[in-house]
Each structure stands twice: as C-alpha cells, then as structure tokens.
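Quick notes on the structure that follows.
There are 2 protein chains.
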Amino acid sequence: MNDVKAAATSPRTGRRTIRKRGKQIKQLPWGQPVNPHKRLELLSADAIEAIHMNSLRILEEIGVAFHLPAAVDLFAEVGAVIGDDGINVRFGRDIVEQALSTVARASRLTPRNAGHAVDIDTEKLAFATVLGPPNCHDIERGRRPGTIADFADFVRLGQFFNIIHMIAGSPVEPMDVPVEIRHLVSTKVMLELSDKVPYVFCHSPQRIHDVLDMIAISRGIERDDLIESPSTYAIINTNSPLQYDAPMAAGLIELARYNQTPLITPFSLAGATMPVSLAGAVSLSNAEMLAGLVLTQLANPGAPVVTGAKTLNVDMKTGAPAFGSAEANQSLQIGAQLARRYGLPYRASNFTSSNAVDAQAAYESQAQLWAGVLAGANVIMHAAGWLEGGLCSSFDKFILDVEILQMMASYLQPVEVSDETLAFDEVVSVGRGGHYFGTDHTIASFESAFYLPLISNTKNYGQWAEEGSLDATQRAHALCRRALDEYQKPALEPDRQEALDAFVARRTEEGGAPIDW
Amino acid sequence: MNDVKAAATSPRTGRRTIRKRGKQIKQLPWGQPVNPHKRLELLSADAIEAIHMNSLRILEEIGVAFHLPAAVDLFAEVGAVIGDDGINVRFGRDIVEQALSTVARASRLTPRNAGHAVDIDTEKLAFATVLGPPNCHDIERGRRPGTIADFADFVRLGQFFNIIHMIAGSPVEPMDVPVEIRHLVSTKVMLELSDKVPYVFCHSPQRIHDVLDMIAISRGIERDDLIESPSTYAIINTNSPLQYDAPMAAGLIELARYNQTPLITPFSLAGATMPVSLAGAVSLSNAEMLAGLVLTQLANPGAPVVTGAKTLNVDMKTGAPAFGSAEANQSLQIGAQLARRYGLPYRASNFTSSNAVDAQAAYESQAQLWAGVLAGANVIMHAAGWLEGGLCSSFDKFILDVEILQMMASYLQPVEVSDETLAFDEVVSVGRGGHYFGTDHTIASFESAFYLPLISNTKNYGQWAEEGSLDATQRAHALCRRALDEYQKPALEPDRQEALDAFVARRTEEGGAPIDW
Numbered sequence: 001m002n003d004v005k006a007a008a009t010s011p012r013t014g015r016r017t018i019r020k021r022g023k024q025i026k027q028l029p030w031g032q033p034v035n036p037h038k039r040l041e042l043l044s045a046d047a048i049e050a051i052h053m054n055s056l057r058i059l060e061e062i063g064v065a066f067h068l069p070a071a072v073d074l075f076a077e078v079g080a081v082i083g084d085d086g087i088n089v090r091f092g093r094d095i096v097e098q099a100l101s102t103v104a105r106a107s108r109l110t111p112r113n114a115g116h117a118v119d120i121d122t123e124k125l126a127f128a129t130v131l132g133p134p135n136c137h138d139i140e141r142g143r144r145p146g147t148i149a150d151f152a153d154f155v156r157l158g159q160f161f162n163i164i165h166m167i168a169g170s171p172v173e174p175m176d177v178p179v180e181i182r183h184l185v186s187t188k189v190m191l192e193l194s195d196k197v198p199y200v201f202c203h204s205p206q207r208i209h210d211v212l213d214m215i216a217i218s219r220g221i222e223r224d225d226l227i228e229s230p231s232t233y234a235i236i237n238t239n240s241p242l243q244y245d246a247p248m249a250a251g252l253i254e255l256a257r258y259n260q261t262p263l264i265t266p267f268s269l270a271g272a273t274m275p276v277s278l279a280g281a282v283s284l285s286n287a288e289m290l291a292g293l294v295l296t297q298l299a300n301p302g303a304p305v306v307t308g309a310k311t312l313n314v315d316m317k318t319g320a321p322a323f324g325s326a327e328a329n330q331s332l333q334i335g336a337q338l339a340r341r342y343g344l345p346y347r348a349s350n351f352t353s354s355n356a357v358d359a360q361a362a363y364e365s366q367a368q369l370w371a372g373v374l375a376g377a378n379v380i381m382h383a384a385g386w387l388e389g390g391l392c393s394s395f396d397k398f399i400l401d402v403e404i405l406q407m408m409a410s411y412l413q414p415v416e417v418s419d420e421t422l423a424f425d426e427v428v429s430v431g432r433g434g435h436y437f438g439t440d441h442t443i444a445s446f447e448s449a450f451y452l453p454l455i456s457n458t459k460n461y462g463q464w465a466e467e468g469s470l471d472a473t474q475r476a477h478a479l480c481r482r483a484l485d486e487y488q489k490p491a492l493e494p495d496r497q498e499a500l501d502a503f504v505a506r507r508t509e510e511g512g513a514p515i516d517w
Numbered sequence: 001m002n003d004v005k006a007a008a009t010s011p012r013t014g015r016r017t018i019r020k021r022g023k024q025i026k027q028l029p030w031g032q033p034v035n036p037h038k039r040l041e042l043l044s045a046d047a048i049e050a051i052h053m054n055s056l057r058i059l060e061e062i063g064v065a066f067h068l069p070a071a072v073d074l075f076a077e078v079g080a081v082i083g084d085d086g087i088n089v090r091f092g093r094d095i096v097e098q099a100l101s102t103v104a105r106a107s108r109l110t111p112r113n114a115g116h117a118v119d120i121d122t123e124k125l126a127f128a129t130v131l132g133p134p135n136c137h138d139i140e141r142g143r144r145p146g147t148i149a150d151f152a153d154f155v156r157l158g159q160f161f162n163i164i165h166m167i168a169g170s171p172v173e174p175m176d177v178p179v180e181i182r183h184l185v186s187t188k189v190m191l192e193l194s195d196k197v198p199y200v201f202c203h204s205p206q207r208i209h210d211v212l213d214m215i216a217i218s219r220g221i222e223r224d225d226l227i228e229s230p231s232t233y234a235i236i237n238t239n240s241p242l243q244y245d246a247p248m249a250a251g252l253i254e255l256a257r258y259n260q261t262p263l264i265t266p267f268s269l270a271g272a273t274m275p276v277s278l279a280g281a282v283s284l285s286n287a288e289m290l291a292g293l294v295l296t297q298l299a300n301p302g303a304p305v306v307t308g309a310k311t312l313n314v315d316m317k318t319g320a321p322a323f324g325s326a327e328a329n330q331s332l333q334i335g336a337q338l339a340r341r342y343g344l345p346y347r348a349s350n351f352t353s354s355n356a357v358d359a360q361a362a363y364e365s366q367a368q369l370w371a372g373v374l375a376g377a378n379v380i381m382h383a384a385g386w387l388e389g390g391l392c393s394s395f396d397k398f399i400l401d402v403e404i405l406q407m408m409a410s411y412l413q414p415v416e417v418s419d420e421t422l423a424f425d426e427v428v429s430v431g432r433g434g435h436y437f438g439t440d441h442t443i444a445s446f447e448s449a450f451y452l453p454l455i456s457n458t459k460n461y462g463q464w465a466e467e468g469s470l471d472a473t474q475r476a477h478a479l480c481r482r483a484l485d486e487y488q489k490p491a492l493e494p495d496r497q498e499a500l501d502a503f504v505a506r507r508t509e510e511g512g513a514p515i516d517w
C-alpha cells in the first residue's frame, strides 16, 4: 500500500517544491445547508397520487424480478405471489403500506471524524463527490483511464472542500488495481485520506462486509456497532424494466441488516428502459424503487431508505441518455414529489452529458442543481466532478461544481429583514446621490456580507485580459492544484492505521473477493 | 441607409455563396411560455410587508429627487411636499396607494406583425435580446466596438429565433453611427429586419416621439393610435440613491402618456449605491420604483408598469457589480415577491459578469434564469447575448442563451398524467428486462416527446472527438452563422417602407436630436 500512496502523492509533491505558496483558499465553513423554502410542486397532488397508484398496480399485477433466492424468500414469507420462474414477486399495497410504516426517514452517518457526521433527512442537504467514471481528465494532463493516484487526488479534493459532505465510492475507478482487491485498496485510501462519510459499493456481500469492517476499524469499533451508529451509504440501481440483479438485491439486504443507507435510484430511461412518456417512466421507476424499499423492510424493519425514482430521456438524435435535459429536470421534480408523498429523503444528481468542461457542462449542472434543490432534494450525488454522462471524472469541473454548490448554499442562507438590515437611518444619512462605500454598516459587513467566489470573476475585460484571459475552466484548474497543495491528511490513530493495514494485508493474501460475486 | 444595410449583410452574403446549405435549424415554435407553478417565496409575507413599509417611509420622510420640473409639478399638484431645492418630492402612502389602484397590470404590445404581439402580464413570460453593450464579440472575429452591421445581425438573430419575443433597443450600440441620428438609423434597421416588438430608448422626449412615429409608420397607423394599441417598452433606471434624472423622468411621462410599458428597474448596488444589507438595498430600490410608478399614474392614470426592483451586490474583491452572485439571485426573488405584493409583472435578467463565453457565463446565466422564472419573473431582459456585465454583446452566447431559454420553455410545459401517459398496458406488454425502443407509444412520440437541443451534445467522447472536439461555444458559433444564413427578412409593405425612408431622411436632414437631451 505504501507504493500506492507514493504514486498518488509524488507528482504533487514535485509540484509543491517548485510552486510559490499563495494565499490560503477561502471557502465556506463545514456545514450542511438547510432548504428553508416551500418545495416546488411540478404536478398536482392528484397527479402524484395517480402515478403512485399506477406504481402499486404494477407491483400487484406485473411484479418485479429479484435474481436472488434470499430476496424472493423474504417476499414469499409475507405472502407475495412468486412467479413460476421463481424470481418474479407480485405483492399488494398492504405490503407496500406496511413497509412505508416502518422505513426510517432519517439517519445520521458518522465517519471516523464525528465532526463530519452527516444527517440524511428531508430538510438538510448533503453533497457527495462524483462516483464511478472509469476515466478522468484535467486540461493539463488530458483524458486517461483512472488510477489509484487519481482516485486519491479526488478523495483529497473531497476532504479539502467543506461543501463536500460525503466521499462517493470511486470518484474515479482505479483501473490499475486488480478487481479482486480494488474495494480493499480503494477503501483504505479513502479512509486514510479523508475523515468524511465513506461509501460502500454493493458488488457482493463479501465486499460489503469487507468495507464495513474497514470503516469500523477506522472508527475503533466493531462491524456490528455500525448497526447502532451507521457510517455509510450506497447507490442501489435496478436492471430496468422490473429487475433487481443479485448484487443489488443482496446489497439492499446487507445495507438494511447493518442499518446503512441505500439510495434506491433506478437508472431509468424514458423511451428505452421505460415508457417514452414521463408519467409512465417515473411511475415504473417508482414501482421498482418501492419493491426495493419493501425488501429493506423485510430484511430489517426500520432500516433507512433514500429514494431517487426519476427518469432521464433518451436523446432521440443519438440514442444516448440526455443527462441535462429539460425533461430530466421535470422528472427530477416529480420524483421529489413522490418522495414527499412517502416522507422519504430524496436523491438528485449534478448531471451533464457534456464531453468538455464548457458552457454545456455548466448550464446542465446548474439547471439540475436548481431543479433538484428547489424541488426538495436532500442528497446530491455526483455533486462535484461528473462529466461525459458519467464516463469521465473531471478535476477541473470538480472545482467549478464546488463553486456552484457554495453559491447554492449561500443562496439558501436566510435573508434577515430587521430594523438593522432595513437601515433606514443609514438611508437618511447618505441621502440623495451619495454612496454607501464608507458607511459604518458597509465597513462592518465588508468581509461577510456576500459570498466570496472561488473562481467566478468580476474583473473588467482589460484587467482580465492582462492576467492572461483565463476562462473559468482554466482558473478552476489552477485552483484545483492549489487545493491539492493545501490539502492536509487527517490524522488516523496509529492503532487503527495498523489494524487497517493488517486487515487489508490479510484479505489481500486471501485473494480479496471473487470478480463475479 | 442602403450603405448601412449593405455593410450589414455583405459579409454574410459572401459566406453564403461558399457554404453548403445544411439542414434547416429545428427550433421551438413561436409562443410565450406560461409559468404554471406556484411562485417561490424567499421571504415571509411579514418580511415583504416590512420592506414595503420601509419603502413608504423612505418616500414620506426622505423623498426622491426628480431633475425635471414637469415631473415635480405633477407631484406638487397632488399635494406632495416639494423640497427647498425644488426637485425633492416627499409624499404619503395615500398617493402611493392611489397610484397602485390605477396602474395597469397587463398590456399587449403589438408590433407590425400582429402575430408577434406579446402579452406583458403576471402569468406569461417574454424574452428580450441583450440591450446596450458598446462592444460585441464572437470567437471568429474577436472583440470589437459595435457597428450598425453587428446591430443588424443581432436583430436578425432576435427575429430568427422564435423563443426571442422582443428586440431590445440596441442589442449592441452602433458606435459607427453619429449620436444625433443613432436612434433614427437603428430603429429603422430594427423595424426593417424584424417584425417583433421593438424597443424605445428614453434619452429625450424628441427621441421617444421619433421612435414612436417610426413604429406607428411600420404599422400603418398614427403615433396617437399607439395609445389604444401599444407597441413598445423601455427600461427606466434611477440615478441611485433616490434620484431620477431628466431623461428618465421625461421617459416615464412620455411612456405613460402614450400607454407604452416602462420596466422601472433601478440599477441598485448593495454596498455602493444602496445599503450593504439586501433588505435595505431592495427596500430602497423599491422606494425608487414606487416613486416612478406614481409619476406614471400622475401623468396618465391607468398606464402600465412593470417593476424590477432588486439589487446586485458589489464584489468585495474588485468593487465591480457581481452580476451572477448568490445574493443577486436572492434579491431577484425578493423583488418578485414585492411585485406580487403590488400585482405587477416583474422583470428579471440573464446576467453574467464573465468576460468569456465559458462555464462561468453559463452557470451564472442559468442560475439567474432559474431564480427569476421560479420566483415569477415575466419579462427577461438581456435574455440572449449578454456578457462582461453588460459591456459586450456576444453572438456565441446569444445562441447558448437561446438554448437555455428553449430548455426553460420546455421545462415549463405541463407534464400530462393520464391513463395514456401512465401506459400501464405498455408496461405489461414489454414486461421484465425488455425495452421500449420500438413500442407503438415510443414510435408515435419519437419526434415530439423530448426537447430537441440546438447545441447540447449527448454524443460519446469518441464520436465527439472525431467530429473535432468542439466545445459548446464553438458549436454555438457555428449555429449562429447558420441562423444568419437561414434568416429571412420579414416583408414590409412598400408604402410603409417609403414612409419610413422619408421620415428618417427628413429627420436626419433636420439634424436628428441634440446629443444632450
């Protein structure tokens, strides 16, 4: 593992020696934004109920296949109708209602630094890094397959920026690490370089147990202690239409048993894996989500669930998912209403289809963020660094995204209206045609009155051109390097570090986990 | 004038002969989006009332200066207290309430093509081109002072794209036209190249009368006929704090007398021309707006008003206005609530401070658009083409903005929830693990199901790289040229054309209008 860390840090160490140390980056303090506003309602309550009822009908009359006998058995125990194929389960609304009566609607995820605990509920927001792309990119080094060194740098960025609350699994896939031990190596790096909420991939029960063991070690507790004090979360996808594959079904069961938080978010494509109409697509996606939610409650009543049943559309020109489309924004908000119907926290994403860190990437991400937050999203996955519809993690976009996340957090700050802020006396004293640059009120508020941008620029054209005409992406790239320079590794107690080293060494010696399950 | 037109069109004509004619650009049909959603409320009703009451107190106890005797006289007639300086007017809430009881809250602006009439009210949206920058830019020709040829090309773009409802004054200032006749020359080009709602600058009564005469000629009517059938609109600014200069005061009076629509939108800077606190700044800005609104009703009870009392903040690092800040989005939404308090339509803007058509330009514009529309904005000024905090009009950004405007219009389309769109039978027939690519439902909806992007790209990285790795701005630039190629000049009746030519010739011979008033 020392080699891995050395590879990850040495290019940056090299840069550090030749670069001047500038001013420290000023950023927002740690904290979860709270959405104080009434949630936007895209559809009427009646329309939401019609979508919900259609979901129930799908579960009752068509059913969902679980490619895992243990899951099917759980459904059979409560009287679900099992198909002749042995995998299809059909069940009535009573079973859904029962599950909705026990599901936990809030959870606190505590990482090894309790000061970085994150509340997952229907009021607060939590932003997670990008998850899963096999490639990464920055404008200096170009596009390339992800390595554990890149993985480590993304974890460092997630740790460095306070607006990032959770590290998401592989912010880039470390393609240079064998699959059998990838979860061990990458989780070790994640836990060493960050003390924020870590992620667990649901590839198989053994992998989940390994990661839970490692998280427990990082906290100085046992795996079973995580049931009382959860630490982690995972995305659960469906194999649409109407299927859960074995890893996902097992993931739901294991997460529920250990009381960790699944984000049940079918990846749904209107006109491909789902009906072309948004209402139909969201309703089918919601049915799939409900089936997964029921499974968690069958495995462990009272386990938490976050939903994200929405849908993207297929770009009718390319056949590819349109990650930042107008329809994606609509379905995102319909999904949020369904989540509210169930009282569940809601997951959204900072998606874009763009292949470059350009205006498209920015307008798609920004629209997704606004649409999601205003409709009531609570967990924003891929909040920083997502590009190319998920096939590439971008260092430069990570910074741009941090900027728009910080701006969103600032926008959500309540505006105080009081005699002091209305400042009548000041208006009297400045009078007509004067200015407010030097008033006591302005001077007292100078530092804190407004959000201080990371890279947004208000310089006039002449100044900006003199300084090299750097566009936002170039400025983001420079800031990314500064952030990696300023990053400080959070201390890990030596006994825990030793235990972690020993665990990974032992499990690696045992061959890690088999590739296919 | 023929020279002017030739200069405007010849570069494009030249290109046309050497460029292959591609497919026609597919765009949304003409129509004003309607916002079907409940408006976002940033502040409580009590807080809005406190801001309103503070505005009334400012008008009562401090007053507003009008640097125009005719305006002061109108206030004196209704019992306002005139200051010793002869320009400050103070008045009670009774006068404000009286004005709010007569002001028109809706207006239909009819241009020479009645099919392009625009409703200004509290439900619909209208998007206007950028207005006023002295420079323009595209990635091919670079940054340069605006000319009448550039002006003409922006008017063509505004005419070409259906999502643009109104042409705004000078989408770029034609710096090559002498100021005395600039309003004549530019209005002539605007009326010849576009049959959409035109704009009138409020530089002086004579200029306003000239432009109203020309608009009337283009419609085959008389200037006084515009009172019954309004055609145009103008931005009214204040000289903050608490002053209206003579052109703006005269503009309010003339617009009111002719029943045209002023957008009374003080350009307010928290920490500079206004208190540093948003509540204080918006309240002061609102007081200025109310003073202007009162003047319109004194000049002509029942005249229409659109408000846009909001505030930007000063970037505390550069001292420049932060056009796309988090605080700008907050104050935009507070202003919208005040507009709703008065039942008035609300103006927002598609602002950015960025100097390049980059990610910053896109995320700032997109946030302004979402914040404005969701809070209830009705008229979006500078909706396409604004850059550099208003010092530059960008051809390339015009296209990017058209894309985000079309996406917003698509997002605002109601989502139908019905048995047909829920598509239960289709879900049954596709079943588990199938796909929806070839279903009747998908095939029938293929063309119309989803918004078809102008430049947003969902191609995978390989395809995109093969096609030249063009970023969104480069693709926008190419589309801009195609749009200028496809643009068709709307026919103008020969007698009206002759009358317009004659009017401009006569007024030019008379020397146009004096520079200073």
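If you read the protein sequences in the order shown, they are chains L and H. Per this note's numbering, the very first residue in the first sequence carries number 1; after that it's consecutive. Per this note's numbering, the very first residue in the second sequence carries number 1; after that it's consecutive. C-beta: ideal position from N, C-alpha, C; glycine also.
My assumption, with CB atoms under 8 angstroms, is that phenylalanine 277/L sits in contact with alanine 423/H. Please give the rounded CB distance. Before going further, note that residue 277/L is serine rather than phenylalanine in the sequence given. About 6 angstroms separates the Cβ atoms of serine 277/L and alanine 423/H, confirming a contact at the 8 angstroms cut-off.
| said: Please give me, in chain order, every unbroken run of the alpha helix (DSSP H) with length at least 4 that falls completely inside the region 425-457 of chain H. | reply: Listed in chain order, they are 440-445.
Q.
Let me check understanding here. Comparing Cα to Cα, which of Gly132/H, Glu493/H, Leu454/H and Val172/H lies closest to isoleucine 148/H?
A. For the residues Gly132/H, Glu493/H, Leu454/H and Val172/H, the minimum Cα distance to isoleucine 148/H belongs to Val172/H.
*Please decide whether leucine 290/H counts as near chain L, where near means a Cβ-Cβ distance under 8 angstroms.*
Under the Cβ distance rule, leucine 290/H does not count among the residues neighbouring chain L, no pair being separated by less than 8 angstroms.
Anyone know if the C-beta pair for phenylalanine 351/H and alanine 328/H falls short of 8 angstroms?
Contact: yes.
| query | When you check each C-beta in the region 398-416 of chain L against every C-beta of chain H, which residues fall closer than 7 angstroms? | reply | Within the region 398-416 of chain L, Leu400, Ile404, Met407, Ser410, Tyr411, Val415 and Glu416 place their CB atoms closer than 7 angstroms to a CB of chain H, listed in sequence order.
**Three-way DSSP call (helix, strand, coil) for leucine 269/H in this model** = It is a strand residue.
Between the beta-carbon of valine 96/L and the beta-carbon of leucine 59/L, is there less than 8 angstroms? Contact flag set, yes.
For threonine 442/H and chain C, any beta-carbon pair shorter than 8 angstroms?
Looking for chain C here will not work: the only protein chains present are L and H.
>> With DSSP as the reference, identify every bridge partner of alanine 526/L, one or two as the case may be.
In response: No statement about residue 526/L is possible, as the shown extent of chain L runs from 1 to 517 and does not include it.
Q.
I want to see whether chain H comes within less than 8 angstroms of methionine 175/L, judged by CB atoms only; does it?
A. Cβ-Cβ to chain H under 8 angstroms: no for methionine 175/L.
**Q.** Closer than 8 angstroms at the beta carbon, the chain H residues around serine 278/L
**A.** One point to set straight first is that residue 278/L is leucine, not serine, in the sequence displayed. For leucine 278/L, the chain H residues whose Cβ falls inside 8 angstroms of its Cβ are Val415 and Thr421, in order along the chain.
Check: Looking at the structure shown, is serine 204/L part of a helix, part of a strand, or coil, going by DSSP?
Finding: Judged by DSSP in its simplified three-state form, serine 204/L adopts coil rather than helix or strand.
_Which residues in chain L have a C-beta closer than 9 angstroms to the C-beta of tyrosine 547/H? List them in chain order._
The displayed coordinates of chain H run from 1 to 517. Any statement about residue 547/H would go beyond what the structure contains.
* What do you reckon, are the CB atoms on serine 194/H and glutamine 159/H nearer than 8 angstroms? -> Yes. Within cutoff.
Give the C-beta separation of threonine 110/H and serine 229/H to the nearest angstrom, bearing in mind that I take them to be a contact with Cβ-Cβ under 8 angstroms.
Cβ atoms of threonine 110/H and serine 229/H come within 8 angstroms of each other, at about 5 angstroms.
- prompt: Three or more beta-carbon pairs under 8 angstroms between the region 73-81 of chain H and the region 408-419 of chain H, yes or no?
  reply: Counting Cβ pairs under 8 angstroms, fewer than three are found: no touch.
Cβ atoms of isoleucine 62/L and valine 282/L: under 8 angstroms apart, would you say? No.
Does any residue of chain L have a CB that is nearer than 8 angstroms to the CB of threonine 102/H?
Output row for threonine 102/H: interface = no.
* Which residue from Asn162/L, Val211/L and Ile167/L puts its Cα closest to that of histidine 183/L? -> Among Asn162/L, Val211/L and Ile167/L, the Cα nearest to that of histidine 183/L is on Val211/L.
>> Under 8 angstroms, with one C-beta from each stretch per pair, do the region 254-273 of chain L and the region 23-35 of chain L reach the 3-pair mark?
In response: Contact between the region 254-273 of chain L and the region 23-35 of chain L is absent, because fewer than three Cβ pairs lie under 8 angstroms.
Checklist entry - Comparing the C-beta of tryptophan 386/H with each C-beta of chain L, is any distance below 8 angstroms? => result No - not a single Cβ of chain L is within 8 angstroms of the one on tryptophan 386/H.
Q. Taking all protein chains shown into account, do 16 or more other C-beta atoms lie within 10 angstroms of the C-beta of glycine 390/L, making it buried, or fewer, making it exposed?
A. Residue environment analysis places glycine 390/L among the buried positions, since at least 16 neighbouring C-beta atoms fall within 10 angstroms of its C-beta.
Query raised in the report: Among Ala246/L, Lys489/L, Gly115/L and Asp396/L, which residue has its Cα nearest to the Cα of glutamate 140/L?
Result: For the options Ala246/L, Lys489/L, Gly115/L and Asp396/L, the alpha carbon positioned closest to that of glutamate 140/L is the one of Asp396/L.
Please list the residues of the region 347-363 of chain L that have a C-beta atom closer than 8 angstroms to any C-beta atom in chain H, keeping them in chain order. Answer set for the region 347-363 of chain L: Ser353, Ser354, Asn355, Ala356, Val357, Asp358, Ala359, Gln360, Ala361, Ala362 and Tyr363.
Does the contact criterion of 3 or more C-beta pairs under 8 angstroms hold for the region 354-363 of chain H versus the region 326-343 of chain H? The answer is no - the region 326-343 of chain H does not touch the region 354-363 of chain H, with fewer than three Cβ pairs under 8 angstroms.
Say whether the region 485-505 of chain L touches the region 358-378 of chain L, bearing in mind that this needs 3 or more beta-carbon pairs closer than 8 angstroms, one atom from each stretch. Inter-segment contact for the region 485-505 of chain L and the region 358-378 of chain L is absent: fewer than three beta-carbon pairs are separated by less than 8 angstroms.
- So what's methionine 274/H in DSSP terms, helix, strand or just coil? Reduced to three states, the DSSP call for methionine 274/H is strand.
Item to check | First through last residue of the alpha helix (DSSP H) which encompasses leucine 56/H | outcome: Element bounds for leucine 56/H: 45-61.
| What does DSSP give as the partner residues of threonine 129/H in its beta bridges? | According to DSSP, which records beta bridges pairwise, threonine 129/H is partnered with Ala384/H.
>> Assuming the contact rule is C-beta atoms closer than 8 angstroms, isoleucine 215/L and asparagine 259/L should be a hit. Round their C-beta distance to whole Å, please.
In response: The beta-carbon separation of isoleucine 215/L and asparagine 259/L, rounded to 13 angstroms, does not stay under the 8 angstroms limit for a contact.
Arginine 207/H and alanine 513/H look like a contact to me (Cβ under 8 angstroms); what is the Cβ gap, rounded to whole Å? About 5 angstroms; that satisfies the 8 angstroms criterion.
- Rounded to a whole number of angstroms, what is the C-alpha to C-alpha distance between glutamine 24/L and valine 189/H? Distance from the CA atom of glutamine 24/L to the CA atom of valine 189/H, rounded to whole angstroms, is 53 angstroms.
Have a look at Leu56/L, Lys38/L and His67/L and flag the residue whose alpha-carbon is nearest the alpha-carbon of alanine 250/L.
The candidate whose alpha carbon is nearest that of alanine 250/L is His67/L.
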